[in-house]
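Numbering (our numbering), first residue to last: 11 to 406.
Don't be surprised by glycine CBs; every beta carbon is placed ideally from N, CA and C.
Structure, as structure tokens:
See the structure below:
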């Protein structure tokens with residue numbers, strides 16, 4: 011095939027208000043809804059269940075997925091559904107719910123595999139995940155950030171080692187993504203900020219990734235434009251139309267990074283979040299400006315293109331970088347986002363005690379390997395310090 015690559019996406023992306031009703035058209039006899047208690051309380055699970063029953067399916071619900079879902083939760087879903095044998099897996103919730111449903115599918119269809127064999131925390135996985143043949147996966151996001159509904163990645167927490175472990179494989183991409191803004195209308199403002207700035211991280215990192223390409227960059231850039239324009243009114247004014255655009259931008263960013271890759275911001279956020287219980291979106295949002303500054307020596311031209319797309323009219327690369335960082339920090343402030351891990355309340359002594367460990371373990375992490383600038387351990391240590399102190403001057 012030479013240099014041929016494959017653009018991967020869900021088979022169907024069904025979008026628009028009211029698109030949850032597409033569940034009536036999903037074929038199958040037994041459906042499992044994977045969700046959390048919030049979705050159940052809001053009545054969204056009952057609505058989804060109603061559509062599936064109208065399609066003639068028997069339905070079971072697992073509503074015990076916690077934020078940053080643990081591998082123990084995933085294996086509990088497997089154990090509870092051995093006899094039910096669902097043919098359709100419906101994930102209804104945020105990124106943790108969708109990721110848990112992806113991991114469930116792995117161990118439900120391939121019980122010979124173990125978690126240690128398939129995750130990529132320490133480098134390439136030990137075993138490949140075979141194709142799925144027994145189930146259809148439908149992902150319905152209730153937040154506007156993770157892009158998990160359109161990606162081939164899931165993050166599962168291993169509490170025993172205080173780590174968020176990525177599973178990355180093309181087979182993880184759902185067959186159907188339902189992108190219904192109605193599902194996200196009830197998001198608290200803090201969740202909107204965390205998830206939408208997470209989407210911005212996906213869009214920006216995928217744009218400069220070492221695996222970025224003409225197909226992915228168009229999606230990245232449009233997602234950046236939408237988020238920069240519509241997140242302020244979505245957050246500050248609860249504007250319904252703006253929230254709709256933000257929701258779509260998250261899926262666009264998911265398509266972009268799953269056909270390129272994320273970068274070192276994700277490495278930092280995953281390492282820090284695994285130890286200090288910081289949500290994935292917030293960890294990314296805080297680290298993003300520092301990762302951009304670190305990557306600027308090798309990705310300056312690309313960052314200039316981003317700046318021009320969001321309003322910069324000059325021609326000086328240094329000015330363009332400052333403009334981009336300024337717009338991001340302005341957006342963070344509008345959304346009440348801390349500007350550093352110190353401002354986020356992470357314990358200073360505990361954080362600095364972990365920096366060496368974080369740096370040593372970051373070099374082989376998947377999103378470090380796809381970062382446009384290849385860091386040394388010393389550079390990683392400096393980046394972790396900068397993210398805590400909020401000081402660009404610490405970045406080499």
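Handout entry: Every unbroken alpha helix (DSSP H) within the segment 276-324, with a cutoff of 4 residues, ordered by chain
Key = 290-319
Exercise for the section: Please say whether residue 233 and residue 194 have beta carbons closer to each other than 8 Å? Expected result: Position 184 of the chain shown, counting from 1, holds the residue named residue 194. Position 223 of the chain shown, counting from 1, holds the residue named residue 233. No, the pair does not count as a contact, with Cβ atoms beyond the cut-off.
Problem - Inter-residue CB distance, residue 336 and residue 330 (contact presumed, cutoff 8 Å) - result: The residue labelled residue 336 in the question sits at position 326 within the chain shown. The residue labelled residue 330 in the question sits at position 320 within the chain shown. Not a contact, Cβ separation roughly 11 Å.
Practice task
List the endpoints of the continuous beta strand (DSSP E) containing residue 399.
Solution key: Stepping through the chain shown from its first residue, residue 399 is reached at position 389. Unbroken run through residue 399 is the alpha helix (DSSP H), 387-399; no beta strand (DSSP E).
Problem - Bridge partners - residue 72, DSSP secondary structure assignment - result: Locating residue 72 in the chain shown gives position 62, counting from the first residue. 44.
Exercise for the section: Starting from residue 147, follow the alpha helix (DSSP H) in both directions and report where the run begins and ends. Expected result: Locating residue 147 in the chain shown gives position 137, counting from the first residue. Premise fails: residue 147 lies in the beta strand (DSSP E), 146-151, not in any alpha helix (DSSP H).
Exercise for the section: Determine, using beta carbons only, whether residue 146 and residue 24 come nearer to each other than 8 Å. Expected result: Numbered from its first residue, the chain shown carries residue 146 at position 136. Numbered from its first residue, the chain shown carries residue 24 at position 14. Cβ distance not < 8 Å, so residue 146 and residue 24 don't count as in contact.
Problem - Straight-line gap, residue 119 to residue 264 (C-alpha atoms, nearest Å) - result: Taking the chain shown and counting its residues from 1, one reaches residue 119 at position 109. Taking the chain shown and counting its residues from 1, one reaches residue 264 at position 254. Answer to the nearest angstrom: the Cα atoms are 25 Å apart.
Exercise for the section: Put residue 168 into one of helix, strand or coil per three-state DSSP. Expected result: To locate residue 168, count along the chain shown from 1; it is residue 158. Three-state result, residue 168: strand.
Exercise for the section: Measure the C-alpha to C-alpha separation of residue 282 and residue 133 and round it to an integer number of angstroms. Expected result: Along the chain shown, read from residue 1 onward, the residue named residue 282 stands at position 272. Along the chain shown, read from residue 1 onward, the residue named residue 133 stands at position 123. Going from the Cα of residue 282 to the Cα of residue 133 covers about 18 Å.
Exercise for the section: Could you please give the first and the last residue of the uninterrupted alpha helix (DSSP H) stretch that includes residue 54? Expected result: Counted from its first residue, the chain shown places residue 54 at position 44. Residues 54-64.
Problem - Reference residue 192; option with closest CA among 103, 273 and 85 - result: For the purposes of this step, residue 192 is identified with residue 182 of the chain shown, where counting begins at 1. The shortest C-alpha separation from residue 192 is found at 103.
Exercise for the section: Starting from residue 23, follow its DSSP beta bridges and name the residues at the other end. Expected result: If you number the chain shown from 1, residue 23 lands on position 13. 187, per the DSSP bridge assignment.
Practice task
Answer yes or no: do residue 158 and residue 105 have a C-beta to C-beta separation smaller than 8 Å?
Solution key: The sequence position of residue 158 within the chain shown is 148, counting from 1. The sequence position of residue 105 within the chain shown is 95, counting from 1. For residue 158 and residue 105, yes; Cβs fall inside 8 Å.
Practice task
Compare the Cα-Cα distances from residue 273 to each of 353, 300, 167 and 288 and report the closest residue.
Solution key: The residue given as residue 273 occupies position 263 in the chain shown. Out of 353, 300, 167 and 288, 300 has the C-alpha closest to the C-alpha of residue 273.
Practice task
Report yes if the CB atom of residue 78 is closer than 8 Å to the CB atom of residue 174, and no otherwise.
Solution key: Position 68 of the chain shown, counted from the start, is the residue given in the question as residue 78. Position 164 of the chain shown, counted from the start, is the residue given in the question as residue 174. Their beta carbons are under 8 Å apart, which means residue 78 touches residue 174 by this criterion.
Exercise for the section: Look at the alpha carbon of residue 293 and the alpha carbon of residue 66, and state the distance between them as a whole number of angstroms. Expected result: Stepping through the chain shown from its first residue, residue 293 is reached at position 283. Stepping through the chain shown from its first residue, residue 66 is reached at position 56. Approximately 42 Å, taken between the alpha carbons.
Exercise for the section: Please report how far the alpha carbon of residue 121 lies from the alpha carbon of residue 164, in whole angstroms. Expected result: Counting from one through the chain shown, the residue named residue 121 turns up at place 111. Counting from one through the chain shown, the residue named residue 164 turns up at place 154. Spanning the two alpha carbons is a distance of roughly 18 Å.
Problem - Opening and closing residue of the beta strand (DSSP E) in which residue 264 lies - result: Translated into the one-based positions of the chain shown, residue 264 becomes position 254. Element bounds for residue 264: not the beta strand (DSSP E) but the alpha helix (DSSP H), 250-268.
Handout entry: Segment contact, 8 Å Cβ cut-off, at least three pairs: the segment 147-156 with the segment 196-215
Key = yes
Practice task
Would you list the one or two residues that DSSP bridges to residue 134?
Solution key: Here residue 134 is taken as the residue at index 124 of the chain shown, counted from 1. None, per the DSSP bridge assignment.
Practice task
Give every residue of the same chain whose Cβ lies closer than 8 Å to the Cβ of residue 289, excluding the five residues on either side of it in the sequence, and list them in chain order.
Solution key: As a working note, residue 289 is residue 279 in the chain shown. Same-chain partners within the cutoff: 77, 78, 204 and 283.
Handout entry: Where residue 38 sits in the DSSP three-state scheme
Key = For the purposes of this step, residue 38 is taken as residue 28 along the chain shown, with counting starting at 1. Note: residue 38 maps to coil in three-state DSSP.
Handout entry: Pairwise C-alpha distance: residue 183 and residue 240
Key = In the chain shown, the residue the question calls residue 240 occupies position 230. In the chain shown, the residue the question calls residue 183 occupies position 173. Cα-Cα distance, rounded: 27 Å.
Exercise for the section: Measure how close the beta-carbons of residue 298 and residue 214 come, nearest whole angstrom, since I'm counting them as under 8 Å. Expected result: Stepping through the chain shown from its first residue, residue 298 is reached at position 288. Stepping through the chain shown from its first residue, residue 214 is reached at position 204. Sure, about 7 Å apart at Cβ, within 8 Å.
Exercise for the section: Flag this pair as yes or no: are the beta carbons of residue 116 and residue 139 separated by less than 8 Å? Expected result: Looking up residue 116 in the chain shown gives position 106. Looking up residue 139 in the chain shown gives position 129. It is a contact, given that the beta carbons lie within the stated cut-off.
Exercise for the section: Give the single residue among 338, 306, 307 and 308 whose Cα lies nearest to the Cα of residue 321. Expected result: If you number the chain shown from 1, residue 321 lands on position 311. Of 338, 306, 307 and 308, the residue nearest in Cα terms is 338.
Problem - N-terminal and C-terminal residue of the beta strand (DSSP E) that residue 101 is part of - result: Position 91 of the chain shown holds residue 101. Looking at the DSSP string, the run of the beta strand (DSSP E) that includes residue 101 is 98-103.
Problem - Cα-Cα separation, residue 60 to residue 225 - result: For the purposes of this step, residue 60 is identified with residue 50 of the chain shown, where counting begins at 1. For the purposes of this step, residue 225 is identified with residue 215 of the chain shown, where counting begins at 1. Looking at the two C-alpha atoms, the distance is approximately 38 Å.
Exercise for the section: Look up residue 405 in the DSSP assignment and give the residues it is bridged to. Expected result: Counted from its first residue, the chain shown places residue 405 at position 395. Beta-bridge pairing links residue 405 to no other residue.
Problem - Coarse secondary structure for residue 174, derived from DSSP in three states - result: On the chain shown, position 164 is the one that residue 174 refers to. Residue state, collapsed to three classes: strand.
Practice task
Under 7 Å Cβ to Cβ from residue 309, same chain only, skipping five residues before and after it: list those, please.
Solution key: Here residue 309 refers to the residue found at position 299 when the chain shown is read from its first residue. 218 and 382, listed in sequence order.
Practice task
State the Cα-Cα distance for the pair residue 366 and residue 28, rounded to the nearest angstrom.
Solution key: As a first step, residue 366 must be located in the chain shown, where it is residue number 356. As a first step, residue 28 must be located in the chain shown, where it is residue number 18. Spanning the two alpha carbons is a distance of roughly 49 Å.
Practice task
Determine the DSSP secondary structure at residue 213, reduced to helix, strand or coil.
Solution key: Position 203 of the chain shown, counted from the first residue, corresponds to residue 213. DSSP places residue 213 in helix when its eight states are reduced to three.
Practice task
Give the DSSP bridge partners of residue 163, in chain order.
Solution key: On the chain shown, position 153 is the one that residue 163 refers to. Its beta-bridge partners are 178.
Practice task
State yes or no: is the C-beta of residue 222 within less than 8 Å of the C-beta of residue 270?
Solution key: The count along the chain shown starts at 1 and reaches residue 222 at position 212. The count along the chain shown starts at 1 and reaches residue 270 at position 260. In contact: residue 222 and residue 270 (Cβ atoms closer than 8 Å).
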